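Peer 1: Below is a structure I'd like to ask you about.
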Amino acid sequence: MRGLPVSWLAICGLLACSGTNGEGMRGETSQRREMMVAEQIERRGVKDPRVLAAMRKVPRHEFVPAEVQGHAYDDRPLPIGHGQTISQPYIVAFMTEALALEGDEKVLEIGTGSGFQAAVLGELAKQVYTIEIVEPLGRNAAEVLKRLGYDNVKTRIGDGFQGWREEAPFDAVIVTCAPDDVPRPLVDQLADGGRMIIPVGPEGKAQQLVLLRKKNGHLTRTESLPVRFVPMTGEAQE
(Lines of atoms letter the chains of each structure in order from A and count residues from 1; the text may use other names and numbers.)
(Lines give C-alpha, C1' and ligand atoms only; values in the text may rest on other atoms or scores of the structure.)
Protein backbone atom coordinates (compact mmCIF):
# COMPACT_ATOMS: atom_id res chain seq x y z
CA MET A 1 0.00 0.00 0.00
CA ARG A 2 1.08 3.61 -0.39
CA GLY A 3 2.26 5.45 2.63
CA LEU A 4 1.42 3.88 5.98
CA PRO A 5 3.77 3.77 8.98
CA VAL A 6 4.25 0.19 10.12
CA SER A 7 3.32 1.14 13.68
CA TRP A 8 -0.15 2.23 12.56
CA LEU A 9 -1.07 -0.73 10.41
CA ALA A 10 -2.87 -2.56 13.20
CA ILE A 11 -5.01 0.34 14.42
CA CYS A 12 -6.24 2.04 11.28
CA GLY A 13 -9.90 1.05 11.17
CA LEU A 14 -13.05 1.96 9.31
CA LEU A 15 -14.82 5.04 10.69
CA ALA A 16 -18.37 5.47 9.45
CA CYS A 17 -19.55 8.92 8.48
CA SER A 18 -22.61 10.42 6.88
CA GLY A 19 -22.82 13.18 4.31
CA THR A 20 -25.22 15.74 2.92
CA ASN A 21 -25.41 17.56 -0.37
CA GLY A 22 -24.47 21.11 -1.31
CA GLU A 23 -23.37 23.57 1.35
CA GLY A 24 -23.86 21.03 4.13
CA MET A 25 -21.46 18.59 2.51
CA ARG A 26 -18.87 21.32 1.87
CA GLY A 27 -19.10 22.47 5.45
CA GLU A 28 -18.80 18.93 6.76
CA THR A 29 -15.78 18.07 4.62
CA SER A 30 -14.09 21.32 5.63
CA GLN A 31 -14.61 20.45 9.30
CA ARG A 32 -13.30 16.95 8.74
CA ARG A 33 -10.17 18.31 7.05
CA GLU A 34 -9.59 20.58 10.04
CA MET A 35 -9.95 17.59 12.36
CA MET A 36 -7.70 15.48 10.15
CA VAL A 37 -4.94 18.08 10.31
CA ALA A 38 -5.28 18.67 14.05
CA GLU A 39 -5.55 15.06 15.16
CA GLN A 40 -3.62 13.08 12.55
CA ILE A 41 -0.93 15.48 11.38
CA GLU A 42 -0.12 18.29 13.82
CA ARG A 43 -0.38 15.96 16.80
CA ARG A 44 2.31 13.72 15.26
CA GLY A 45 4.77 16.54 14.82
CA VAL A 46 4.29 18.10 11.38
CA LYS A 47 4.81 21.83 11.96
CA ASP A 48 5.34 23.58 8.61
CA PRO A 49 2.43 26.06 8.43
CA ARG A 50 2.37 25.98 4.64
CA VAL A 51 2.07 22.20 4.61
CA LEU A 52 -0.69 22.29 7.22
CA ALA A 53 -2.57 24.94 5.22
CA ALA A 54 -2.31 22.84 2.04
CA MET A 55 -3.61 19.75 3.84
CA ARG A 56 -6.55 21.81 5.13
CA LYS A 57 -7.31 23.14 1.66
CA VAL A 58 -6.98 20.20 -0.76
CA PRO A 59 -10.26 18.19 -0.92
CA ARG A 60 -9.01 14.63 -0.42
CA HIS A 61 -12.49 13.23 -1.08
CA GLU A 62 -12.25 14.45 -4.68
CA PHE A 63 -9.32 12.09 -5.29
CA VAL A 64 -10.90 8.80 -4.17
CA PRO A 65 -13.62 6.61 -5.74
CA ALA A 66 -17.22 7.44 -4.83
CA GLU A 67 -17.64 4.26 -2.80
CA VAL A 68 -14.95 5.29 -0.30
CA GLN A 69 -15.46 9.06 -0.23
CA GLY A 70 -17.11 8.76 3.16
CA HIS A 71 -13.74 7.61 4.53
CA ALA A 72 -11.64 10.22 2.72
CA TYR A 73 -10.43 11.88 5.93
CA ASP A 74 -9.82 8.70 7.90
CA ASP A 75 -6.37 7.99 9.33
CA ARG A 76 -5.45 5.38 6.74
CA PRO A 77 -4.78 4.75 3.05
CA LEU A 78 -7.75 4.04 0.77
CA PRO A 79 -8.05 1.87 -2.35
CA ILE A 80 -8.15 3.74 -5.65
CA GLY A 81 -8.23 0.72 -7.98
CA HIS A 82 -5.63 -1.25 -9.94
CA GLY A 83 -4.08 -2.52 -6.72
CA GLN A 84 -3.08 1.00 -5.63
CA THR A 85 -4.00 3.24 -2.70
CA ILE A 86 -4.03 6.89 -1.75
CA SER A 87 -1.55 7.43 1.08
CA GLN A 88 -2.48 8.04 4.68
CA PRO A 89 -2.82 11.83 5.22
CA TYR A 90 -0.02 11.92 7.80
CA ILE A 91 2.44 10.31 5.38
CA VAL A 92 1.55 12.83 2.66
CA ALA A 93 2.17 15.69 5.08
CA PHE A 94 5.35 14.16 6.53
CA MET A 95 6.92 13.55 3.13
CA THR A 96 5.89 16.99 1.88
CA GLU A 97 7.36 18.76 4.91
CA ALA A 98 10.65 16.91 4.38
CA LEU A 99 11.06 18.71 1.05
CA ALA A 100 11.09 22.12 2.81
CA LEU A 101 9.31 23.86 -0.06
CA GLU A 102 9.21 27.66 -0.06
CA GLY A 103 7.08 28.31 -3.15
CA ASP A 104 9.42 28.85 -6.08
CA GLU A 105 10.52 25.25 -6.66
CA LYS A 106 10.18 22.81 -9.51
CA VAL A 107 9.16 19.42 -8.09
CA LEU A 108 9.15 15.94 -9.61
CA GLU A 109 6.76 13.30 -8.28
CA ILE A 110 7.10 9.63 -9.19
CA GLY A 111 3.81 7.80 -8.73
CA THR A 112 0.86 10.14 -9.32
CA GLY A 113 -1.67 7.62 -8.05
CA SER A 114 -4.87 9.47 -7.17
CA GLY A 115 -3.30 12.90 -7.77
CA PHE A 116 -3.77 14.03 -4.16
CA GLN A 117 -0.06 14.35 -3.36
CA ALA A 118 0.45 16.28 -6.60
CA ALA A 119 -2.33 18.69 -5.59
CA VAL A 120 -0.73 19.28 -2.20
CA LEU A 121 2.59 19.94 -3.93
CA GLY A 122 0.77 22.23 -6.35
CA GLU A 123 -0.26 24.39 -3.41
CA LEU A 124 3.34 24.72 -2.25
CA ALA A 125 5.61 24.80 -5.33
CA LYS A 126 5.80 26.82 -8.51
CA GLN A 127 5.65 23.81 -10.85
CA VAL A 128 4.98 20.10 -10.32
CA TYR A 129 5.76 17.30 -12.78
CA THR A 130 4.19 13.95 -11.93
CA ILE A 131 4.48 10.54 -13.60
CA GLU A 132 2.19 7.50 -13.26
CA ILE A 133 2.88 4.10 -14.80
CA VAL A 134 -0.72 2.82 -14.46
CA GLU A 135 -2.46 4.55 -17.37
CA PRO A 136 -6.08 4.60 -16.07
CA LEU A 137 -4.93 6.09 -12.77
CA GLY A 138 -2.76 8.67 -14.47
CA ARG A 139 -5.55 9.78 -16.79
CA ASN A 140 -8.09 10.01 -13.99
CA ALA A 141 -5.69 12.00 -11.80
CA ALA A 142 -5.00 14.40 -14.66
CA GLU A 143 -8.73 14.99 -15.10
CA VAL A 144 -9.30 15.65 -11.40
CA LEU A 145 -6.30 17.99 -11.16
CA LYS A 146 -7.49 19.93 -14.19
CA ARG A 147 -11.06 20.15 -12.87
CA LEU A 148 -9.80 21.51 -9.55
CA GLY A 149 -7.66 24.13 -11.27
CA TYR A 150 -4.14 22.84 -10.65
CA ASP A 151 -2.69 24.36 -13.80
CA ASN A 152 0.83 24.25 -12.36
CA VAL A 153 0.77 20.43 -12.24
CA LYS A 154 1.88 18.62 -15.40
CA THR A 155 1.12 14.90 -15.71
CA ARG A 156 2.65 12.10 -17.74
CA ILE A 157 1.89 8.41 -18.26
CA GLY A 158 5.07 6.35 -18.14
CA ASP A 159 7.80 4.65 -16.16
CA GLY A 160 9.08 6.99 -13.48
CA PHE A 161 12.40 5.17 -12.99
CA GLN A 162 14.05 7.42 -15.58
CA GLY A 163 12.41 10.58 -14.25
CA TRP A 164 11.54 13.49 -16.58
CA ARG A 165 14.87 14.32 -18.18
CA GLU A 166 13.78 17.17 -20.44
CA GLU A 167 12.48 19.16 -17.45
CA ALA A 168 15.43 18.47 -15.12
CA PRO A 169 16.94 19.60 -12.86
CA PHE A 170 14.36 19.54 -10.06
CA ASP A 171 14.61 21.34 -6.76
CA ALA A 172 12.79 18.47 -5.04
CA VAL A 173 11.84 14.88 -5.88
CA ILE A 174 9.21 12.81 -4.09
CA VAL A 175 8.65 9.12 -4.80
CA THR A 176 5.46 7.34 -3.68
CA CYS A 177 6.41 3.78 -4.61
CA ALA A 178 9.30 1.74 -3.29
CA PRO A 179 12.32 0.62 -5.34
CA ASP A 180 14.91 -1.68 -3.80
CA ASP A 181 17.37 1.22 -4.00
CA VAL A 182 17.32 4.84 -5.08
CA PRO A 183 17.19 5.10 -8.91
CA ARG A 184 20.33 6.79 -10.22
CA PRO A 185 18.45 8.83 -12.88
CA LEU A 186 16.43 10.52 -10.14
CA VAL A 187 19.60 11.41 -8.23
CA ASP A 188 21.11 12.85 -11.41
CA GLN A 189 18.00 14.98 -12.01
CA LEU A 190 18.01 16.44 -8.51
CA ALA A 191 19.41 19.97 -8.52
CA ASP A 192 22.34 20.87 -6.33
CA GLY A 193 20.91 21.98 -3.01
CA GLY A 194 17.81 19.86 -3.60
CA ARG A 195 16.07 17.18 -1.56
CA MET A 196 14.53 13.82 -2.37
CA ILE A 197 12.17 11.81 -0.17
CA ILE A 198 11.71 8.17 -1.17
CA PRO A 199 10.67 4.84 0.39
CA VAL A 200 13.35 2.19 -0.13
CA GLY A 201 13.14 -1.56 0.34
CA PRO A 202 11.66 -4.70 -1.24
CA GLU A 203 7.94 -5.47 -1.15
CA GLY A 204 6.90 -7.47 1.89
CA LYS A 205 10.07 -6.58 3.82
CA ALA A 206 11.18 -3.62 5.91
CA GLN A 207 11.09 -0.32 4.05
CA GLN A 208 12.37 3.05 5.20
CA LEU A 209 11.60 6.56 4.14
CA VAL A 210 14.92 8.02 3.06
CA LEU A 211 15.68 11.72 2.77
CA LEU A 212 18.52 12.59 0.40
CA ARG A 213 20.17 16.00 0.23
CA LYS A 214 22.48 16.97 -2.62
CA LYS A 215 25.20 19.54 -1.99
CA ASN A 216 28.20 20.19 -4.23
CA GLY A 217 27.41 16.98 -6.09
CA HIS A 218 27.49 14.85 -2.95
CA LEU A 219 24.55 13.12 -1.26
CA THR A 220 23.74 12.84 2.41
CA ARG A 221 21.24 10.17 3.37
CA THR A 222 18.95 10.12 6.41
CA GLU A 223 16.47 7.37 7.24
CA SER A 224 13.27 8.32 9.03
CA LEU A 225 10.00 6.36 9.23
CA PRO A 226 9.45 2.65 8.66
CA VAL A 227 6.71 2.38 6.01
CA ARG A 228 4.99 0.06 3.56
CA PHE A 229 4.56 1.25 -0.01
CA VAL A 230 3.62 -0.50 -3.21
CA PRO A 231 6.74 -1.50 -5.19
CA MET A 232 8.08 0.62 -8.01
CA THR A 233 7.30 -1.31 -11.17
CA GLY A 234 8.64 -1.15 -14.70
CA GLU A 235 12.38 -0.76 -15.17
CA ALA A 236 12.96 -0.79 -11.41
CA GLN A 237 12.00 -4.48 -11.33
CA GLU A 238 14.27 -5.54 -14.19
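Mapping of the sequence shown onto the numbering used here: position 114 corresponds to residue 133, and the numbering continues sequentially without gaps.
Every residue gets a Cβ at the ideal spot worked out from N, C-alpha and C, and that includes glycine.
Here the structure is a predicted model, which means the values were calculated and not measured.
Mind reading off the beta-carbon distance from R214 to L230? Whole number of angstroms is fine, and I expect it under 8 angstroms.
Peer 2: Going by Cβ atoms, the distance from R214 to L230 rounds to 7 angstroms, so yes, they are a contact pair.
Peer 1: Between which two residues does the beta strand (DSSP E) containing G100 stretch?
Peer 2: Element bounds for G100: 97–100.
Peer 1: Would you call the region 126–133 in contact with the region 147–154, where contact means no fewer than 3 C-beta pairs closer than 8 angstroms?
Peer 2: At 8 angstroms Cβ cutoff, the stretches touch.
Peer 1: Exposed or buried, which one is P202 when buried takes at least 16 other CB atoms within 10 Å?
Peer 2: Looking at its Cβ environment, which holds 16 or more other Cβ atoms inside 10 Å, P202 is buried.
Peer 1: In chain order, which alpha helix (DSSP H) runs of at least 4 residues are fully inside the region 114–195?
Peer 2: You should have 135–143, 154–166.
Peer 1: Does the beta-carbon of L244 have 16 or more other beta-carbons within 10 angstroms, so that it is buried, or is it exposed?
Peer 2: Looking at its Cβ environment, which holds 16 or more other Cβ atoms inside 10 Å, L244 is buried.
Peer 1: From G223 to A119, what distance separates their C-alpha atoms?
Peer 2: Using only the alpha carbons, I get a separation of about 30 angstroms.
Peer 1: In chain order, what are the residue ranges of uninterrupted alpha helix (DSSP H) at least 4 long that sit wholly in the region 189–250?
Peer 2: Runs of the alpha helix (DSSP H) inside the region 189–250: 203–207.
Peer 1: Quick check on the DSSP output: the alpha helix (DSSP H) that includes R75 runs from which residue to which?
Peer 2: Here the alpha helix (DSSP H) through R75 covers 68–76.
Peer 1: Alpha carbon to alpha carbon, how far is N159 from S133?
Peer 2: Each residue's alpha carbon lies about 8 angstroms from the other.
Peer 1: Below 6 angstroms CB to CB, which residues in the same chain sit around Y169 once its five sequence neighbours on both sides are set aside?
Peer 2: Excluding positions up to five away in sequence, the list reads A138, G141.
Peer 1: Taking the alpha carbon of V125 as the reference point, which residue from L209, E254, Q227, M251 has its own alpha carbon closest?
Peer 2: Reading off the sequence, residue 125 comes out as Lys, not Val. Comparing Cα-Cα distances from K125 to each of L209, E254, Q227, M251, the minimum goes to L209.
Peer 1: If contact is defined by three or more beta carbon pairs under 8 angstroms, each pair taking one atom from either stretch, is the region 95–103 in contact with the region 53–73?
Peer 2: Judged by Cβ distances under 8 angstroms, the region 53–73 makes no contact with the region 95–103, as fewer than three pairs qualify.
Peer 1: Which value, in whole angstroms, describes the spacing of the CA atoms of Y148 and V192?
Peer 2: Computed Cα separation, rounded: 10 angstroms.
Peer 1: Tell me the residue span of the beta strand (DSSP E) that contains T252.
Peer 2: Looking at the DSSP string, T252 is not in any beta strand (DSSP E), and its letter there is neither H nor E.
Peer 1: Rounded to a whole number of angstroms, what is the C-alpha to C-alpha distance between L205 and R232?
Peer 2: One C-alpha to the other measures close to 12 angstroms.
Peer 1: If you draw a straight line from the C-alpha of P78 to the C-alpha of A85, how long is it?
Peer 2: C-alpha separation (whole angstroms): 13 angstroms.
Peer 1: At the level of alpha carbons, what is the spacing between G253 and W183?
Peer 2: Cα-Cα distance, rounded: 15 angstroms.
Peer 1: Comparing alpha-carbon positions, which option in M55, Q88, G236, F113 lies nearest P188?
Peer 2: Taking only the C-alpha atoms, the option nearest P188 is G236.
Peer 1: Whose C-alpha, out of A117, G100, D200, F135, is nearest the C-alpha of Q107?
Peer 2: Looking at the Cα atoms, F135 is the closest of the given residues.
Peer 1: So Q256 is in the beta strand (DSSP E); what residue range does that whole segment cover?
Peer 2: Taken as a continuous stretch (DSSP letters only), Q256 belongs to no beta strand (DSSP E), as it is neither H nor E.
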